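The numbering used here applies: residue 3 is where the sequence shown begins, and numbers increase by one.
The block underneath contains the structure these notes are about, expressed in C-alpha cells.
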Amino acid sequence: MWARCIVEELVRASVTRFFLAPGSRSTPLVLALADHPDTITVMHYDERGAAFAALGYARMEGKAAGWITTSGTALANGYPAVVEASVDHVPLLLLTADRPPELQATGANQTIDQVKIFGSYPRWFVDLPAPSEEVPLQHVLSTVDQAVYRANGDIPGPVHVNLMFRKPLGPEPEGRSFQSYLNPLRSWMRTDEPWTRYHPQERTSTQSSIDHLAELVAGAEKGLIIASRMPCSANTAAVIDLARHLHWPLLPDIGSQLQLCAAGHPDPRILSFDHLLADEQFVEDVRPDVVLHFGAAPVSKRLLEATAVWQPAAYVLVHPAPDRIDPARVVTDRVQGGFGPVAKSLIERVPGSEGKASYHDMWQEADGLAEPAIESMLEESGQLSEPATARLLAAHVPDGWPLVIGNSMPVRDADRFSRRAEGRLPVIVNRGASGIDGLIATAAGAAAASETPSVLLLGDLAALHDLNSLQLLRQFPVIVVVLNNDGGGIFHFLPIAHQSDQFEPYFGTPHGRSFESAAQMFELPYTRAGTPDDFTAVFQQAIVTRSSSIIEVETGRKENVQLHERLLGRVRQALQQQPDS
3 MWARCIVEEL VRASVTRFFL APGSRSTPLV LALADHPDTI TVMHYDERGA AFAALGYARM
63 EGKAAGWITT SGTALANGYP AVVEASVDHV PLLLLTADRP PELQATGANQ TIDQVKIFGS
123 YPRWFVDLPA PSEEVPLQHV LSTVDQAVYR ANGDIPGPVH VNLMFRKPLG PEPEGRSFQS
183 YLNPLRSWMR TDEPWTRYHP QERTSTQSSI DHLAELVAGA EKGLIIASRM PCSANTAAVI
243 DLARHLHWPL LPDIGSQLQL CAAGHPDPRI LSFDHLLADE QFVEDVRPDV VLHFGAAPVS
303 KRLLEATAVW QPAAYVLVHP APDRIDPARV VTDRVQGGFG PVAKSLIERV PGSEGKASYH
363 DMWQEADGLA EPAIESMLEE SGQLSEPATA RLLAAHVPDG WPLVIGNSMP VRDADRFSRR
423 AEGRLPVIVN RGASGIDGLI ATAAGAAAAS ETPSVLLLGD LAALHDLNSL QLLRQFPVIV
483 VVLNNDGGGI FHFLPIAHQS DQFEPYFGTP HGRSFESAAQ MFELPYTRAG TPDDFTAVFQ
543 QAIVTRSSSI IEVETGRKEN VQLHERLLGR VRQALQQQPD S
C-alpha cells in the first residue's frame with residue numbers, strides 16, 4: 003500500500019525513470035514500480051553503477067531519477083555518485099530500503115545504521131517509519147513531494163529517503179480492506195496531481211547587484227570572460243552573446259557547453275588558451291583588470307594559476323548555487339544567479355565596447371598563431387596519440403549526441419585539443435569531485451535520457467574501474483573509446499615521475515590488459531585503432547550502426563608526455579613570431 007502510494011506520487015511529481023539493483027528488502031518498491039504503467043525501470047546488478055547511471059541521466063535530462071537499493075552495504079556503494087551529485091549540483095533521488103526498528107542494533111542480517119549514512123552531502127534526509135495505519139498517508143505523500151522538490155530545487159542535488167519495510171514484503175494478503183485508511187485521499191485519487199504542488203521561486207540577482215556588476219564591466223579597459231562547467235540544460239548561448247557584445251575574449255572550458263558548438267560571427271572564443279597561458283610573458287602581457295567568470299572551477303590548471311598571478315581589480319564569479327567557488331582566492335564579487343539571465347542583463351545595461359578592441363585582438367592574434375601550430379604538429383606526427391584522439395572524436399560525434407569525458411588525462415586533452423565549428427555537443431564531465439569511478443555507467447545514463455547514443459572517452463584505469471557497467475551498454479547505446487596507456491598516464495606529468503624506483507609500482511600501476519576480452523565477455527563489438535585514419539573509419543562505422551561498441555587506442559605514457567612538451571614548444575615558437583603591439 004505505502005509503496006504503491008509512494009510510486010504514484012513520484013510519477014505525479016514527474017519522476018518516472020528508476021535505476022534499480024536487486025535485493026529483498028526493496029521488494030515493495032520494486033513491485034510497485036513494475037505494476038505502474040508510467041514508470042521506466044533499469045535493472046543493474048551493481049549498485050554503484052546504477053547510481054552513476056542515474057547521475058548521467060540527470061545530467062542530460064536536467065531532473066532527478068530514482069535510485070533504489072536494498073538495505074545494508076548496498077546503499078553504501080552509491081556514496082561516490084552521491085558525492086559527485088552533491089558537489090556538482092546534480093538532482094538525484096535516493097530511495098533506500100531499510101530494516102524496521104526492532105531489527106536495528108540487534109545483529110540482524112544485512113542491517114546497518116542507514117540514518118544519514120551519506121553525511122552532509124544530501125540536500126535533505128528523511129527516515130520514513132515502517133508502514134503503519136497509525137501514520138496518515140498524507141504524511142507519506144507530502145514527504146515524497148518535498149523530496150522531489152528539494153532534489154530538483156534552486157540548489158539541486160541528492161536527496162535521501164530511507165524507507166523501512168517489515169515482512170511480509172510481497173503483495174498484501176487478499177481480502178484485507180484499507181478503505182477507512184484511504185478515505186482521506188479520496189480527492190487525491192480522483193486526480194493525477196501530486197498531494198503538494200511546489201511552485202519554485204524564480205531566482206534572479208538583485209537590481210543593485212546587477213547595477214554594480216554593470217558598472218564594473220562598463221569601466222573595464224581589459225575585460226576577460228571565463229566560461230567553465232555548466233549544465234547541459236543551462237542557457238549558455240547568452241554568455242557568447244555577451245562576449246561578442248562587449249568585444250571581450252572568451253575562454254571556454256570543455257565543460258562550459260561553449261567549446262564544442264557553433265559560436266556565430268564574430269567568434270569571441272580563444273580555444274587554445276591553455277597552451278597560450280603556458281607562456282609566462284604572454285600571461286603578463288594579457289593581464290586583465292576585470293574578469294567575468296561563469297560556471298564552476300575550470301579544468302585548466304594554467305588558467306587557475308594565471309588568475310592568481312593577475313589578481314584583477316574585479317573578479318566576478320556567477321553561479322546559481324551559493325557555494326564558494328574560488329580555488330585561486332581571487333573572487334572579489336560573487337553573484338548568485340542564472341548564467342543566461344545575468345549575461346542578458348549585462349547586455350541590456352552595458353553599451354557595446356567596440357572602441358576597446360585592442361585587448362581582444364591581442365588574444366585573437368595569439369590564438370590565430372597557436373591553433374595552426376597545434377594542428378600542424380598533430381598532423382606531422384601522424385600518430386593516433388591521446389590529443390589526436392580527443393580532437394578527432396570531437397570533430398566526428400554527430401550533433402546533439404552526448405559526449406561524456408572521463409577524468410585524469412582525457413578531460414585535459416579534450417579541454418586543450420577538442421574543436422568543433424558546427425552544431426553542438428552536450429558535454430558531460432563528472433568534475434564535481436573528479437573521480438574516475440562510474441564513468442561507463444554515467445554514459446549509459448546519458449544515453450537513457452537521450453534519443454541518441456552517447457560517446458564516452460576515458461582512460462584504461464577508469465574503464466577497469468567500471469567494467470561491471472558494460473552490462474548497461476546492452477540496454478543503452480554507448481560508443482566507448484578507451485585510451486589504453488597501461489596505467490596512470492597523468493602521473494608522468496608530476497615530479498614523482500622522476501622517482502624511478504617507486505614510480506611504476508605505485509603510480510604508473512601497469513596492468514598489461516587489453517579490453518578485447520572484456521568486450522567479448524559482454525558481447526560488445528570491439529576494434530583496436532592504430533592510426534588516425536583507422537580511428538576515423540571505425541568511429542564513423544560505429545555511428546552508422548548506432549549501437550554500443552568498444553574502440554581501443556593504445557598509447558605510450560612517456561611518449562604522451564613528450565608529445566605534450568613538443569606541442570607547448572611549437573606554440574611558444576609561434577608566439578615569438580607575433581609582432582609587438
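Yeah, the Cβ is synthetic: ideal placement off N, Cα and C, and Gly gets one too.
This one's a predicted model, so the numbers in the text were calculated from it and none came from an experiment.
- Note on geometry: alpha-carbon atoms of Glu136 and Ala316 lie some 59 Å from one another.
- Sequence-distant Cβ neighbours of Glu453 in its own chain, meaning closer than 7 Å and more than five residues away, do not exist here.
- Judged by DSSP in its simplified three-state form, Leu273 adopts coil rather than helix or strand.
- The C-beta of Val311 has fewer than 16 other C-beta atoms within 10 Å across all chains shown, which makes the residue exposed.
- In the same chain as Cys7, and ignoring 5 residues on each side of it, the C-beta atoms closer than 7 Å to its own belong to Leu139, Val142, Leu143, in chain order.
- Partner residues in the beta bridge of Asn164, as assigned by DSSP, are Thr98, Asp129.
- The Cβ atoms of Thr41 and Leu22 do not sit closer than 7 Å to each other.
- With a beta-carbon spacing of about 17 Å, Leu569 and Ile256 fall beyond the 8 Å limit used to define contacts.
- At least 7 Å separates the beta-carbon of Glu86 from that of Gly447.
- Counting along the chain, no beta strand (DSSP E) covers Phe284; the unbroken alpha helix (DSSP H) around it starts and ends at 282–287.
- For Trp69, the enclosing beta strand (DSSP E) stretches over residues 68–71.
- Taking a cut-off of 8 Å for Cβ pairs, the region 417–427 and the region 245–264 touch, as three or more such pairs fall below it.
- Nearest to Lys346 by C-alpha distance, out of Pro268, Glu554, Gln313, Asp213, is Asp213.
- In the three-state scheme derived from DSSP, where H, G and I count as helix and E and B as strand, Tyr123 is classed as coil.
- Below 8 Å, enough C-beta pairs join the region 239–254 and the region 362–371 to call them touching: three or more.
- In the DSSP assignment, Thr391 falls within the unbroken alpha helix (DSSP H) covering 388–398.
- Taking a cut-off of 8 Å on C-beta distances, the region 379–395 touches the region 529–541, as three or more cross pairs fall below it.
- DSSP lists Leu294, Asp335 as the beta-bridge partner residues of Val318.
- DSSP places Met191 within a helical segment (H, G or I) once states are collapsed to three.
- Where Gly225 is concerned, the enclosing beta strand (DSSP E) starts and stops at 225–229.
- For Ser436, no beta strand (DSSP E) run applies, since DSSP gives it neither H nor E.
- Taking Met411 as reference, the option from Glu11, Arg530, His566 with the minimal CA-CA separation is His566.
- Within a 10 Å sphere around the beta-carbon of Leu496 sit fewer than 16 other beta-carbons, which makes this residue exposed.
- The Cβ atoms of Ala66 and Leu94 lie closer than 7 Å to each other.
- Inter-residue distance for Arg476 and Leu526 is about 8 Å (C-alpha atoms, whole angstroms).
- The C-beta of His500 has fewer than 16 other C-beta atoms within 10 Å across all chains shown, which makes the residue exposed.
- Between Leu226 and Leu348 a beta carbon distance of about 14 Å is seen, past the 8 Å cut, so the two are scored as non-contacting.
- Annotation for His38: Val9 place their beta carbon closer than 6 Å to its own, counting only its chain and skipping 5 residues before and after.
- Around the CB of Lys224, 16 or more other CB atoms lie within 10 Å, so the residue is classed as buried.
- Within the DSSP secondary-structure output, Cys263 pairs in a beta bridge with Arg426.
- For Glu554, no alpha helix (DSSP H) run applies; the uninterrupted beta strand (DSSP E) run containing it begins and ends at 551–556, by DSSP.
- Contact between the region 180–197 and the region 323–334 is absent: fewer than three C-beta pairs spanning the two stretches fall below 8 Å.
- Closest by C-alpha distance to His513, out of Gly221, Trp197, Ala99, Asn487, is Asn487.
- Bounds of the beta strand (DSSP E) holding Met45 are 42–45.
- With a cutoff of 7 Å on beta-carbon distance, Gly437 and Leu463 are scored as not near each other.
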